[in-house]
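Residue numbers (the UniProt record's numbering): 1 to 87. In what follows, a structure is listed as structure tokens, so that the remarks can point back to it.
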Amino acid sequence: MAREKIKIRKIDNITARQVTFSKRRRGLFKKAEELSVLCDAEVGVIIFSATGKLFESSSSSFITLWFHKSSHITSFLESKMKVKKAY
1 MAREKIKIRK IDNITARQVT FSKRRRGLFK KAEELSVLCD AEVGVIIFSA TGKLFESSSS
61 SFITLWFHKS SHITSFLESK MKVKKAY
């Protein structure tokens, strides 16, 4: 029997939203780790929660790559944050 599809929309219940965020965050980090191992790729994931808390996960050598490209990545993140604040 197939699983029922859920509609993707904001969860109104704050507790349920936080639980879903935590579970999906762990799942996303696991998928990123698997992608790194299977494809020998440098993977980094940055997530900001609704409260602004930062969560990150990365492959071991991604940190070195991050520092080499940090000015480009920082300007990219700043531009995305400005767009979000405009809404």
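Glycine included, each C-beta is placed from N, C-alpha and C at the ideal position. Keep in mind the model is a prediction, meaning the values are calculated, not measured.
According to DSSP, residue pairing for Leu54 in a beta bridge involves Phe48. In the structure shown, the three-state DSSP call for Lys31 is helix. About 6 Å separates the beta carbon of Val45 from that of Phe29, a gap short enough to meet the 8 Å contact definition. Between Ser60 and Val43 the beta-carbon gap is near 10 Å, outside 8 Å, which marks them as no contact. With contacts defined as CB atoms closer than 9 Å, Glu56 and Ile47 qualify as a contacting pair. Here the alpha carbons of Glu4 and Thr74 stand approximately 40 Å from one another.
For Ile8 against Arg17, the beta-carbon gap comes to about 13 Å, at or over 8 Å, which does not count as contact.
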